Structures are given as structure tokens and as C-alpha cells.
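Undergrad: A single structure is presented below for examination.
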Amino acid sequence: MKAIVISEPGAPEVLQLREVEDPQVKDDEVLIKVHATALNRADTFQRLGFHHPPPGSSPYLGLECSGTIESVGKGVSRWKIGDQACALLSGGGYAEKVAVPAGQILPIPAGISLKDAAAFPEVACTVWSTVFMMGRLSAGESLLIHGGSSGIGTFAIQMAKHQGVRVFVTAGNEEKLAACKELGADVCINYKTEDFVTKVKAETDGKGVDVILDCIGASYLQRNLDSLNFDGRLCIISLMGGDNAEIKLSSLLPKRLTVLGARLRPRTTESKAIIVAEVEKNVWPAIEAGKVKPVIYKYLPLSQAAEAHSLIESSSHIGKILLVT
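So, in C-alpha cells, the structure goes:
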């Protein structure tokens, strides 16, 4: 098969399309002929030599895909050859074929094309497991999403609104903020011209929000804590703003704050299967009802993975970037 290979850690140009060996399928896995895969920031970190795949996982990039099942392991009962599906991956989406544990596969949601379904598994599993399962976000509460126009952000806005949550977002320009507003965000904050702590406090009568979904990390840590309501939960999923920070512990104690760190890729196969099942139960009905829609910025052929990486690193996109085989 063909796959995108990292010739050496570095700039997007190190991504090259090459002939490689087909994946070996275990008894509890299926082989998917990939139709599309979606970019995630973690892909760029792996290209740079960080965020390595878990032991035993595919060495190739790609944390989600959609496609057609080509073969099934002898321990698999739900799926059969010819089924169309999408999947949460530990790696391997930037290829023509990928082997996936059966518990990480999802049906294509009704009303969604096979191609666009590739935009959902990673974001849906990340947001549902972090914000709703760990962060216990519930109807009537409020959520602040940093990077509201990203793939994670555009999904989280829609899912939170569907759950009856008041949504705050930050983004870096008016076009991105307008897109967030159109998706349902209630309060849109330009982080380049406004202080999000001040805006959050002004919009909540000084209380703060109940949950924050944060991809920035160190540079936002204290301000995030200052933006939380009593019993607030800070969910950190990425460290684009650094990984070392000092905080005032006095900001944690009186308000009974919780800081949660979460990363989906290193979880066990069993843990991922639980999350995928919860996503199918809770998220897929919202997609099929049209309450959550894929937000696709651009489709590119797999051979143009380097261009796609340059695009995501420019942060000029809104929503997801897909690679089509």
C-alpha cells in the first residue's frame, strides 16, 4: 500500500508518499481501506519528533479515518467485509489501509458522507471523554472553549449547545468568531484584543464558567483558573502555550477547582472502546438529527499531506482539514 512516511523529523516537506507493507490484522481487528483521514495538531507534533505512537501502533500519522472494511479478524462479530465505517486510530490514517481494533470502529452516521465521516472520530471521542465524561458538563452549565474555530472547537460548540450549555469561545480574528457564532456560541472573545477573564466575568455576573476546554496549557493556566466558577473544572488537552507554569494555589482552594489533564492516544484499547461506545450512544444521535454537523475547511489528496500540514500550522483554517486517498 501507499502511506505518508516521515523521512526525518522536521518541516512539512519531510512528509513523503511511499510504498510500504500492508498492515497485519490481529484477531480482534479489522482492516479498513481508507477513503479519508483528518488532520489533528498531534500529527504535526509527531512529524516534529514528539507525540510518538503508543507501542505496537502504526508508525504512520493519522488518528481517525473513514473507509470500507476489507477484512475482519476471527474474533470480530459486529463488522463484516464491505461495511462502511469510521474509526478512532492510534495511528495509521495517512495510508491506503489501516488495521483497527474492532472496539474503536463506528458506523457512518446517517446523513453523513463516507468522506466527511472522517472528521468525527477523534474530535468526538476527545470532547465527549474530556468535557462530558471527565468534566461532567451538564445542561444549564457554561463552557469556555479556547480555539473555538478549530476542529475540536467547532465540534465542541455544537455538542455543548445540543446539551443545553451556554458556550463561550476564544479565537484570533473576526472571521473565526463569526463562524463560532454561527455554530451556536453565545459569547465570542477575540483573545488578541480582549482579556478573556474580564469578558467571562462580565458575562457571568462575576461568577465564571463551569468548565474550560483548553488546548493552550501553561500560558493560560492561571487565567483559566481565575475564569472558573465554584466547583469549576479545567480540562487541558494540549500544551500549545507551554508545559511549565506557576499558579497561585490560593485560587484553587476557596472555589474547589479541579484541574484535569487528558490525552486520548495513550489510552488502552479497552478504555478507547468504552469511549467509542459512549460516543455512539450519545453523540451519533445528535449528528443524525442534524444538531452536530461536520465543519470541513478543505479536502486535499493524501499526496498533498505536506501542504495540509502547512495549512493547519498557519492556523488560518476553520474546522477540519481532510486528506482523501
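Residues in the sequence shown are numbered from 42 upward in steps of one, following the working numbering.
Even glycine gets a Cβ: it sits at the ideal position worked out from N, Cα and C.
Please read all numbers here as calculations on a predicted model, not as lab measurements.
Indicate whether the contact test is met: 3 or more Cβ pairs, each with one atom in the region 151-162 and one in the region 80-95, closer than 8 Å.
TA: As far as the Cβ criterion goes, the region 151-162 does not touch the region 80-95, which means the pair count is below three.
Undergrad: Using CA coordinates, which residue listed in 126, 157 and 155 is at the minimum distance from residue 145?
TA: When each option's Cα is compared against that of residue 145, the closest is 126.
Undergrad: Based on Cα-Cα distance, which residue from 136, 228 and 227 lies nearest to residue 346?
TA: Closest by alpha carbon: 136.
Undergrad: Going by DSSP, what residue range makes up the beta strand (DSSP E) through residue 349?
TA: Note, residue 349: premise wrong, no beta strand (DSSP E); alpha helix (DSSP H) at 346-355.
Undergrad: Find out if the Cβ-Cβ distance for the pair residue 185, residue 253 is shorter than 7 Å.
TA: Going by C-beta atoms, residue 185 is nearer than 7 Å to residue 253.
Undergrad: To the nearest whole angstrom, what separates the beta carbons of residue 281 and residue 315, a pair I think is in contact under 8 Å?
TA: With 8 Å as the limit, residue 281 and residue 315 do not qualify as a contact, their Cβ atoms being about 28 Å apart.
Undergrad: Does the count of Cβ pairs from the region 176-191 and the region 285-298 closer than 8 Å reach three?
TA: The region 176-191 is not in contact with the region 285-298.
Undergrad: Can you tell me where the beta strand (DSSP E) with residue 59 in it begins and where it stops?
TA: Its beta strand (DSSP E) spans residues 56-60.
Undergrad: Near residue 17, which residues of its chain fall below 6 Å by C-beta distance, leaving aside the five closest residues on each side in sequence?
TA: Because the chain in this structure spans residues 42 to 366, residue 17 falls outside the shown range and cannot be described.
Undergrad: For a quick check, are the C-beta atoms of residue 95 and residue 307 less than 7 Å apart?
TA: It is a contact, given that the beta carbons lie within the stated cut-off.
Undergrad: Does the region 46-58 come within contact of the region 336-352, defined as at least 3 CB pairs closer than 8 Å?
TA: Judged by Cβ distances under 8 Å, the region 46-58 makes contact with the region 336-352, as three or more pairs qualify.
Undergrad: Cα separation between residue 67 and residue 361?
TA: Those two C-alpha atoms are separated by around 31 Å.
Undergrad: For residue 138, does the three-state DSSP call read helix, strand or coil?
TA: Strand at residue 138.
Undergrad: What residues in its chain sit with their C-beta under 8 Å from that of residue 93, if we drop five residues either side in the sequence?
TA: So the list reads 87, once near-sequence residues are dropped.
Undergrad: Is the Cβ-Cβ distance between residue 317 and residue 130 less than 7 Å?
TA: No; because the gap between Cβ atoms is not below 7 Å, this pair is not in contact.
Undergrad: So, helix, strand or coil for residue 333, using DSSP?
TA: Note: residue 333 maps to coil in three-state DSSP.
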